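Reading through the structure tokens given below for one structure.
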Amino acid sequence: MKLLDVVALTEDLPKFNLYKGQVGTIVEVYEPDVFEVEFVDLQGKTYALETLSINQVMQLHYQPLPQTV
Numbered sequence: 000m001k002l003l004d005v006v007a008l009t010e011d012l013p014k015f016n017l018y019k020g021q022v023g024t025i026v027e028v029y030e031p032d033v034f035e036v037e038f039v040d041l042q043g044k045t046y047a048l049e050t051l052s053i054n055q056v057m058q059l060h061y062q063p064l065p066q067t068v
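Numbering that gives the first Met the number 0 puts the first residue of the sequence shown at 0, with every later residue one more than the last.
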């Protein structure tokens with residue numbers, strides 16, 4: 000995953016008021032598997048900004064992925 004990729008949470012994080020399926024954007028890459036993810040509402044207001052590991056998010060894709068053989 001890289002900067003500005005759109006991701007979804009894969010687990011609930013109730014202490015941050017974040018839940019599985021919420022969508023955010025990677026705004027910083029600290030390590031290959033650690034990211035700062037920003038969560039924004041429909042009006043564009045940030046409601047959460049959290050450091051998450053690769054196992055807490057999944058990348059979302061808006062087009063077909065290249066086929067692998």
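Beta carbons: idealized from backbone N, C-alpha and C, even for Gly.
All of these numbers come straight from a predicted model, not from anything done at the bench.
Environment of residue i [buried if 16+ CB atoms lie within 10 Å]
i          : result
valine 22  : exposed
valine 26  : exposed
leucine 17 : buried
Simplified DSSP state of residue i, which is helix, strand or coil
i            : result
glutamine 58 : strand
Residue from the options with nearest C-alpha to residue i
i                : options                      : result
phenylalanine 15 : Val5, Phe38, Pro65 and Lys44 : Phe38
Same chain, Cβ closer than 7 Å to residue i, neighbours up to 5 away in sequence not counted
i             : result
glutamine 55  : Leu8, Thr9 and Glu10
methionine 57 : Val6, Ala7 and Thr9
Own chain, CB closer than 6 Å to residue i, minus 5 neighbours either side, in chain order
i            : result
valine 5     : Thr24 and Leu59
tyrosine 46  : Phe38 and Asp40
glutamate 35 : Val26, Glu27 and Thr50
Same chain, Cβ closer than 8 Å to residue i, five either side skipped, listed in chain order
i          : result
valine 33  : Thr50, Leu51, Ser52 and Ile53
glycine 20 : Ala7 and Leu8
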